[in-house]
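Basically the numbering used here = 1-based index in the sequence shown + 67.
Don't be surprised by glycine CBs; every beta carbon is placed ideally from N, CA and C.
Since the structure comes first, as structure tokens, the remarks are kept for the end.
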Amino acid sequence: MSNVIYLTLTGERQGEISAGCGTEKSIGNRFQYRHENEILVYQLSSSSVSTAGGVYHQGLRFIKPTDKSSPLLTTAINENEKLRLSFDYYRTNRFGRQEKYYHIELRGASIQGISSSHKKDSLDTESITVSYEYIRSKHLIANTEFSNLLLPDAYNQLFPADEIKQPEKRNITLTLGVFFDGTGNNAVNTQ
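And the structure:
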């Protein structure tokens, strides 16, 4: 079996764009068992070039089947929605089982282009090109990693701080009472 790539795609406004993309309703008999909320990726390519000013990332392009996410991706390009993409690569290990071995994460991504291909006797596909503000790639088995934040000013938007929950405000009422029992002994009651 060849290597397989799955994409989890989240939009700032639309939320989980990849939800339900691996189901039979979305891609028919090519549905992906245990990957129902991920997009099947047929091909992925990226390009970086070295310049006098440093490295220039030319974006990332992937090819996927026409599925449930197709109209949502068109909405994302129309509204210039910021996206978060997580690509997981799977391969067959020496025991004949699928293992996740590579991961690419993009943050602050936006779609630069969508190209659809519908031909007789072939699968309907879409080619999506994205630019991004942050990329991280990691080989999970060999434990090597690369990351690059292209726009340092956008750090707080790309990596929002976890919200610290404040404890609930509690109101405490203290009631004091002095009782006279007629014997000259006074008792103090507190709650």
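Beta strand (DSSP E) segment containing residue i, residue limits
{"i": "Ala282", "result": "Since the displayed the chain opens at 68 and closes at 258, residue 282 lies outside it and no answer follows."}
{"i": "Ser114", "result": "110 to 118"}
{"i": "Leu76", "result": "71 to 78"}
{"i": "Thr141", "result": "Premise fails: Thr141 lies in the alpha helix (DSSP H), 137 to 145, not in any beta strand (DSSP E)."}
{"i": "Ser214", "result": "211 to 216"}
{"i": "Ser189", "result": "Careful: Ser189 lies outside any beta strand (DSSP E) and carries neither H nor E."}
{"i": "Lys205", "result": "201 to 206"}
{"i": "Asp155", "result": "150 to 159"}
Among the options, nearest to residue i - alpha-carbon criterion
{"i": "Val108", "options": "Thr75, Gln81, Gly121, Gln125", "result": "Thr75"}
{"i": "Ser198", "options": "Glu91, Gly126, Asp155", "result": "Gly126"}
{"i": "Arg203", "options": "Ser153, Leu241, Asp191", "result": "Ser153"}
{"i": "Ile195", "options": "Gln99, Gln165, Asp134, Lys186", "result": "Asp134"}
{"i": "Arg174", "options": "His185, Glu200, Gly87", "result": "Glu200"}
{"i": "Ser189", "options": "Pro132, Val122, Gly89", "result": "Pro132"}
{"i": "Glu212", "options": "Phe162, Ala86, Tyr168", "result": "Tyr168"}
Residue j beta carbon less than 9 angstroms from that of residue i
{"i": "Leu140", "j": "Ile84", "result": "yes"}
{"i": "Ile144", "j": "Ile178", "result": "yes"}
{"i": "Ser117", "j": "His124", "result": "no"}
{"i": "Leu216", "j": "Leu225", "result": "yes"}
{"i": "Thr142", "j": "Gln81", "result": "yes"}
{"i": "Leu111", "j": "Ile181", "result": "no"}
Whole-angstrom C-beta distance between residue j and residue i, which should lie under 8 angstroms
{"i": "Ile106", "j": "Ser136", "result": "6 angstroms"}
{"i": "Ala176", "j": "Leu150", "result": "4 angstroms"}
First and last residue of the uninterrupted alpha helix (DSSP H) at residue i
{"i": "Ser85", "result": "Neither: Ser85 is in no alpha helix (DSSP H) and is coded neither H nor E."}
{"i": "Ile130", "result": "Ile130 -> not in any alpha helix (DSSP H); beta strand (DSSP E) instead, spanning 121 to 132."}
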